[in-house]
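Everything on this sheet refers to the single structure shown next.
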Amino acid sequence: MRVMTTKNFILDTNVLLHDPEAIYRFEENTVCIPIVVIEEVDTFKKDPTELGRNAREIARRIDAMRTNGSLTEGVPLPDAGLLRVVVSDRDLPRGHRISHQADNLIMATALHIKESEPDRPAIFVSLDTNLRIRANALGIEAVDYDTERISIDELYPGTGEVEVESGVIDTLFDEGTVALPPPVGGGRWYENEYLTVRDGRRTALARVRAAMGTLELTYGLKDPIWGIRPRNREQHYAIDACLRQDIKLVTLVGKAGTGKTLLAIAAALQMVTEEQAYQKVVVGRPVMPLGRDIGFLPGDVEEKLKPWMQPIHDNVEYLLGLGHKRDKRRGQGTNDLVDMGVMEVEPLTYIRGRSLPHQFLIIDEAQNLTPHEVKTILTRAGDGTKVVL
10 MRVMTTKNFI LDTNVLLHDP EAIYRFEENT VCIPIVVIEE VDTFKKDPTE
60 LGRNAREIAR RIDAMRTNGS LTEGVPLPDA GLLRVVVSDR DLPRGHRISH
110 QADNLIMATA LHIKESEPDR PAIFVSLDTN LRIRANALGI EAVDYDTERI
160 SIDELYPGTG EVEVESGVID TLFDEGTVAL PPPVGGGRWY ENEYLTVRDG
210 RRTALARVRA AMGTLELTYG LKDPIWGIRP RNREQHYAID ACLRQDIKLV
260 TLVGKAGTGK TLLAIAAALQ MVTEEQAYQK VVVGRPVMPL GRDIGFLPGD
310 VEEKLKPWMQ PIHDNVEYLL GLGHKRDKRR GQGTNDLVDM GVMEVEPLTY
360 IRGRSLPHQF LIIDEAQNLT PHEVKTILTR AGDGTKVVL
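Residue numbers (the numbering used here): 10 to 398.
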């Protein structure tokens, strides 16, 4: 019977600051933390951003494990594996020393672990590309920490296609709904998935209502939404999702320039000013990592925020300049909408701690947020609020 050899995973500081639960993600192997990593984590504990929160969290977790034994000898992790804090006086070869002392000590500790246990693979885990290159140059296997990283191709697209029999599309256009056809290949349809329905001659755009077992025709959008008409089916799907009150959370993913923010703002203004389904539009954009102060920027608060919030203002000014059916909208700018209580535009830093009921909340550039920051924002949504990321 072949015995599986466990591995030593040496974690860099940035891994723990990125994910305090990283120590639990290496199965039955040994997680090694160089003592200098503990020191580096300690320097971040008063940071007001997520880095500080993560630094305090990982310190608490490791401290709690001290009751289970000696950290230097290794303590068992809850599910499997061991956790070790490694102290080493090993130095790097002269040609590998650089000015950053902490990196030197981390690399030296990784080399010590590799040399002291030659029968067990030693793997250095870091988010720092250059440090992984250095580790490889020292003969240490190095990998990126990518447990939360997902390829764009692996994301659920939210759209699909289905072939139907002749006459189904006629029924869909006449009645607005049809029975949900079975998915191809024995898969499944998801609630609010958007489908291109084809019968060989014509096509229709529909939304899956899996709970009811039906396909529902999307909005026809005969009239433009604040002067905006969708130019392709993906934009059509996006507007439809933003206009549906029963869809509480919408995520729009696409390349730059595909109209994500513009479509979301147009739909939001439609739902607030025309449908009166929400009290106001709140548009948030990350100015910098959530929690950072803007005090070092020149000017008052409005002047400090202007460069960061200008893309939002540009989109609103564009919508207001398209010549809507109501003349009173013409000549109004973002500030006018703010004064009327229709819209708020502010950095995400100011959203933390607020409660936002019955509002249409748009989070622009959400890809620049961490999962924790997104969760923080979503918890601000009160009763009756819709969120578009």
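Ideal placement from N, C-alpha and C gives every residue a C-beta, glycine not left out.
Inter-residue Cα distance where the pair is residue i and residue j
i: GLU49; j: ILE386; result: 29 Å
i: PRO192; j: ALA277; result: 33 Å
i: GLY293; j: ALA275; result: 15 Å
i: GLY78; j: ARG70; result: 14 Å
i: GLU243; j: VAL206; result: 14 Å
i: GLN289; j: VAL217; result: For the record, residue 289 in the displayed sequence is Lys; it is not Gln. Going by the C-alpha atoms only, they are around 29 Å apart.
i: GLU172; j: PRO166; result: 18 Å
i: ARG34; j: LEU261; result: 30 Å
i: LEU370; j: THR212; result: 33 Å
i: ASP72; j: GLU59; result: 20 Å
i: LEU378; j: THR76; result: 36 Å
i: VAL291; j: ASP232; result: 24 Å
i: ALA68; j: ASP51; result: 8 Å
i: MET352; j: VAL397; result: 15 Å
i: TRP198; j: LEU214; result: 15 Å
i: HIS367; j: LEU86; result: 44 Å
i: GLN254; j: LYS395; result: 8 Å
i: LYS8; j: LYS55; result: In the structure as shown, the chain starts at 10 and stops at 398, and residue 8 therefore has no counterpart that could be examined.
i: HIS27; j: THR138; result: 15 Å
i: THR324; j: ARG361; result: Note that residue 324 is Asn in the sequence shown, not Thr. If you take the alpha carbons of ASN324 and ARG361, they lie about 24 Å apart.
i: PRO356; j: THR15; result: 47 Å
i: PRO239; j: PHE53; result: 47 Å
i: GLU202; j: ARG141; result: 41 Å
i: ALA219; j: ARG210; result: 26 Å
i: ASP21; j: ASN241; result: 45 Å
i: VAL84; j: PRO127; result: 21 Å
i: HIS121; j: VAL383; result: 39 Å
i: THR388; j: THR358; result: 14 Å
i: GLU66; j: ASN38; result: 22 Å
i: GLY229; j: ALA250; result: 13 Å
i: GLU82; j: GLY268; result: 56 Å
Bridge-paired residues (DSSP) for residue i
i: PRO356; result: ARG294
i: LEU365; result: ALA390
i: PHE133; result: ILE19 and ALA151
i: LEU224; result: VAL187 and VAL217
i: GLU170; result: THR205
i: ILE44; result: According to DSSP, ILE44 bridges with nothing at all.
i: LYS289; result: GLN368
i: PRO85; result: LEU91
i: ILE234; result: ILE237
i: VAL259; result: VAL397
i: THR39; result: ASN17 and LEU91
i: THR212; result: ARG207
Whole-Å CB distance - residue i paired with residue j, under 8 Å assumed
i: LEU114; j: PRO43; result: 7 Å
i: GLY90; j: VAL40; result: 6 Å
i: ASP208; j: GLU174; result: 7 Å
i: VAL24; j: TYR154; result: 5 Å
i: LEU252; j: MET280; result: 7 Å
i: ASN17; j: ALA146; result: The pair is not a contact, with the Cβ atoms about 19 Å apart (cut-off 8 Å).
i: LEU136; j: GLY169; result: Incorrect: roughly 35 Å between the Cβ atoms, too far for contact.
i: LEU92; j: ILE178; result: Actually they do not touch by this definition, with Cβ atoms about 60 Å apart.
i: ALA111; j: ILE19; result: Between ILE19 and ALA111 the Cβ distance is about 14 Å, and since that is not below 8 Å, they are no contact.
i: LEU328; j: TRP235; result: 5 Å
i: GLU374; j: PRO295; result: 6 Å
i: LEU271; j: ILE248; result: Contact doesn't hold; Cβ gap of about 10 Å is too wide.
Residue i - containing beta strand (DSSP E), residue span
i: GLU150; result: 150 to 152
i: ALA265; result: Run containing ALA265: none; DSSP gives neither H nor E here.
i: LYS395; result: 395 to 397
Residue i - containing alpha helix (DSSP H), residue span
i: GLY61; result: 59 to 74
i: TYR246; result: 242 to 252
i: LEU120; result: 110 to 125
i: ARG93; result: First-last for ARG93: 91 to 95, but that is the beta strand (DSSP E), not the alpha helix (DSSP H).
i: ALA146; result: 138 to 146
Within-7 Å CB hit, residue i to chain C
i: LYS231; result: Among the protein chains of the structure shown there is no chain C, as only one such chain exists.
Cβ contact (3+ pairs, closer than 8 Å) linking the stretch 212 to 225 and the stretch 181 to 188: yes
Any 3 or more C-beta pairs closer than 8 Å across the stretch 279 to 288 and the stretch 255 to 269: no
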